[in-house]
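Here's the structure we're looking at; comments come further down.
2 protein chains.
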Amino acid sequence: MTYCVGIKLNAGLVFLSDSRTNAGVDHISTFRKMICYEQPGDRFMVLLSAGNLSISQSVREILQIEELQEAEGKEPITIWNAKSMFDAARVLGSAVRHVYHRDAEALKHAGLDFNVSFIFGGQIKGEGMRLFLVYAAGNFIEATTETPYFQVGESKYGKPVLDRVLTPETPLDEAAKCALVSMDSTMKSNLSVGLPLDLVVYEANKLQTDRVICIDADNPYYRMMHNSWGQKLREVFDSIEDPVWDGSASEHPLKMPAARHSPLRKISTPEEKLI
Amino acid sequence: MTYCVGIKLNAGLVFLSDSRTNAGVDHISTFRKMICYEQPGDRFMVLLSAGNLSISQSVREILQIEELQEAEGKEPITIWNAKSMFDAARVLGSAVRHVYHRDAEALKHAGLDFNVSFIFGGQIKGEGMRLFLVYAAGNFIEATTETPYFQVGESKYGKPVLDRVLTPETPLDEAAKCALVSMDSTMKSNLSVGLPLDLVVYEANKLQTDRVICIDADNPYYRMMHNSWGQKLREVFDSIEDPVWDGSASEHPLKMPAARHSPLRKISTPEEKLI
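Protein sequence lines, in the order shown, are assigned to chains A and B. Per the working numbering, residue 89 is the first one in the first sequence, and the count goes up by one each step. Per the working numbering, residue 89 is the first one in the second sequence, and the count goes up by one each step.
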């Protein structure tokens, strides 16, 4: 599997992806799931992918040359000349549909769904930053102030910390830290997500970035974050009072109801009726 | 959906379940997913269920009267006379198969899978505590020292904290706190899991319990835990250094690679080759 997260803040964009793929647990490989498209001063875009690797690789290949012909005689739209991220996302959607037409039926014969999804975000000169989630049908949705992030792949383990921390006002580096904590929780509980990680941080209106890093187990920041988070989480856990059942010594008792009167069904003898 | 967790410790057993069910987001109801079976001094068992509510309710109904006929002339095994939790789990598996034979084909015609799973644990006089995960086929697995807990339903959000905290040596009340934190993280990120909660804590070899509680939003312990966990998690998050890109002022730099030399594919002009 995969875990990727893309975050849109007032201050910029953050993209993080893992690099583990698997076809069954006995066939685990490392493939990068992030790719950046940059024309410094004109456009900066990042694509993160999840799902069937043969599909996502084909889409990435085709995206380079995909052209969206809007009207006869007009220059076709590509990701390199699109005037807006919305148009660039349409080009990506079109590339997805090309691969669908080429491969979906053969995959179906093999019992496989056409399973792929993308996070695609960036900025093109003349408009603000935008972040999209592109589905296997080539359709897409855009991140908003209320929902400033998208996840693809194994998204559930790492969602609570994103929900607790992220708002559009979150500073860029804090959001990068949040994404790394989210990834760390995911790797703790799911073997199908693994190092190395790719992290890109983009500052609003720069139209290029040099904050691109591949993070492996030796990265000093990742090691510090991984160890501190685990240890401090444990300290916080320990600092919260255990439940006290009799309630006598606690400010926060778990009051014990008479089991008989609890709305919970407690069946005490085989003869007692169920309902 | 549903979230239930069952934990087996040296000191006893902990069971926690939510009570939300939904058939689409516009049809949300409250149904309890926990049921206790108790003959004080002889046996104490708890059943948690997830999946299709019509199936799990039918299984619970049938389980009361299910009989496993081992051999001609021998008394059939029920959950009330089983000599071991293993045999009781077999009776449960048999009840699941009865409902399968009754309903699975009609469900299939309606496009529905036979989707159900159970956590079933407890203690019968004469043996130690045991904890089982029972699948839709009526087969089951048992918790061990290495894997002291089972989850059913929306299990991913709340898994990291269980993985970080639980061992067989964890004290009972600490494990109850851990289950509540796990549930709290799940409810934070998934609307299909909701209050009230049912919590049962069973102390080893007691063969009964009075630690049975229904927890709603007014419960003082749950409120304290919910608020403290959210706030302290945020404090821990803030206490971890943000990544520093230039590395000059930090012990733990995110070193910046030259983007060109990063193994990440960064495509800087449309003419550059993809591979």
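For each residue, glycine too, the CB sits at the ideal point set by N, CA and C.
With 16 as the cutoff for other CB atoms within 10 Å, does residue i come out buried or exposed?
i         : result
Arg348(A) : Legend: pLDDT at Arg348(A) = 39, less than 50; position of this residue unreliable, value from coordinates given subsequently. Exposed, since its Cβ has fewer than 16 Cβ neighbours within 10 Å.
Gln211(B) : buried
Asp106(B) : buried
Gln319(A) : exposed
Leu362(A) : Bear in mind that a pLDDT of 38 at Leu362(A), under 50, signals an unreliable position, so the number given afterwards is only what the model happens to contain. That one is exposed.
Leu97(B)  : buried
Leu279(A) : exposed
Gly161(A) : exposed
Glu126(B) : buried
Ile207(B) : buried
Gly199(A) : exposed
Phe220(A) : buried
Thr90(B)  : buried
Ser144(A) : buried
Thr235(B) : exposed
Thr274(B) : buried
Glu360(B) : Residue placement at Glu360(B) cannot be trusted, given a pLDDT of 49 that sits under 50; the coordinates are not used to answer.
Arg142(A) : According to the sequence shown, residue 142(A) is Ser rather than Arg. Answer is exposed; the Cβ neighbour count stays below 16.
Ser117(A) : exposed
Gly282(B) : buried
Ala111(A) : exposed
Using alpha carbons as the reference points, say which of the options lies closest to residue i.
i         : options                                    : result
Ser205(A) : Glu242(A), Ile212(A), His197(A)            : Glu242(A)
Ile301(B) : Lys294(B), His115(B), Pro284(B)            : Pro284(B)
Ile123(A) : Lys196(A), Gly282(A), Leu200(A), Val147(A) : Val147(A)
Asp298(A) : Arg190(A), Tyr310(A), Phe132(A)            : Phe132(A)
Thr109(B) : Glu323(B), Asn140(B), Ala99(B)             : Asn140(B)
Phe202(A) : Arg311(A), Glu215(A), Val187(A)            : Val187(A)
Leu250(A) : Ala267(A), Leu342(A), Ser144(A)            : Ala267(A)
Pro128(A) : Asn293(A), Asp114(A), Gly199(A)            : Asn293(A)
Lys121(B) : Asp130(B), Phe103(B), Asp114(B), Ala111(B) : Phe103(B)
Val134(B) : Asp114(B), Gly94(B), Ser172(B)             : Gly94(B)
Tyr223(B) : Arg311(B), Arg185(B), Leu321(B), Tyr245(B) : Arg185(B)
His340(A) : Lys265(B), Gly100(B), Val281(B), Glu215(B) : Lys265(B)
Arg404(B) : Asp130(B), Asp272(B), Glu193(B)            : As displayed, chain B neither begins before 89 nor continues past 363, which places residue 404(B) out of reach and without an answer.
Ala170(B) : Met89(B), Glu215(B), Gln296(B), Val332(B)  : Glu215(B)
Gly100(A) : Pro256(A), Asn315(A), Glu163(A)            : Pro256(A)
Ser137(B) : Ile167(B), Ala111(B), Cys92(B), Leu180(B)  : Cys92(B)
Phe174(A) : His197(A), Lys213(A), Ala192(A), His189(A) : Lys213(A)
Trp317(B) : Trp333(A), Met313(A), His314(A), Arg252(A) : Arg252(A)
Can you pull the chain A neighbours of residue i, defined as C-beta to C-beta under 7 angstroms?
i         : result
Glu262(B) : Asp330
Lys265(B) : Ile328, Asp330, Pro331
Tyr309(B) : Pro331, His340, Pro341, Leu342
With a cut-off of 8 angstroms on the beta carbons, I'd call residue i and residue j a contact; round off their distance for me.
i         : j         : result
Lys247(A) : Ser270(B) : At roughly 14 angstroms, the Cβ-Cβ gap does not stay under 8 angstroms, so Lys247(A) and Ser270(B) are not in contact.
Glu158(B) : Ile165(B) : 6 angstroms
Glu154(B) : Ser182(B) : 6 angstroms
Pro331(A) : Leu321(A) : That belief does not hold up - the Cβ atoms of Pro331(A) and Leu321(A) are roughly 19 angstroms apart, past 8 angstroms.
Tyr245(B) : Tyr245(A) : 7 angstroms
Gly209(B) : Arg218(B) : 6 angstroms
Asp130(B) : Leu295(B) : 6 angstroms
Leu156(A) : Arg178(A) : 6 angstroms
Under 8 angstroms Cβ-Cβ, which residues of chain B neighbour residue i?
i         : result
Leu221(A) : Near Leu221(A) there are no residues of chain B at all, since even the closest Cβ is about 17 angstroms away, more than 8 angstroms.
Ser277(A) : Lys244, Lys247, Pro248, Asp251
Give the residues of chain A in contact with residue i, contact being defined as C-beta atoms less than 9 angstroms apart.
i         : result
Ser327(B) : Ser316, Lys320
Met89(B)  : Near Met89(B) there are no residues of chain A at all, since even the closest Cβ is about 11 angstroms away, more than 9 angstroms.
Met312(B) : Ile328, Glu329, Glu339, His340
I want to verify the contact list: residues of chain B whose CB lies under 7 angstroms from the CB of residue i, in sequence order.
i         : result
His186(A) : Within chain B, no residue comes near His186(A); the closest Cβ sits about 15 angstroms away, beyond 7 angstroms.
Ser273(A) : Pro248
Please determine whether the Cβ atom of residue i lies at a distance below 7 angstroms from any heavy atom of the ligand NAP.
i         : result
Lys213(A) : Annotation note on the ligand NAP: not contained in the displayed structure, which lists no ligands.
Identify the contact partners of residue i in chain B, using a Cβ-Cβ distance below 9 angstroms as the criterion.
i         : result
Val324(A) : Ser316, Trp317, Lys320, Leu321, Glu323, Val324
Val269(A) : Phe325, Ile328
Query - Validate contact between the region 322–333 of chain A and the region 301–310 of chain A using beta carbons, cut 8 angstroms, 3 pairs - result: no
Requested in this report: Specify whether the region 257–272 of chain A and the region 285–296 of chain A touch according to this definition: at least 3 beta carbon pairs, one from each stretch, less than 8 angstroms apart.
Outcome: yes
**Report entry** Touching by the beta-carbon criterion (3+ pairs, under 8 angstroms), the region 215–230 of chain A and the region 241–256 of chain A
**Finding:** no
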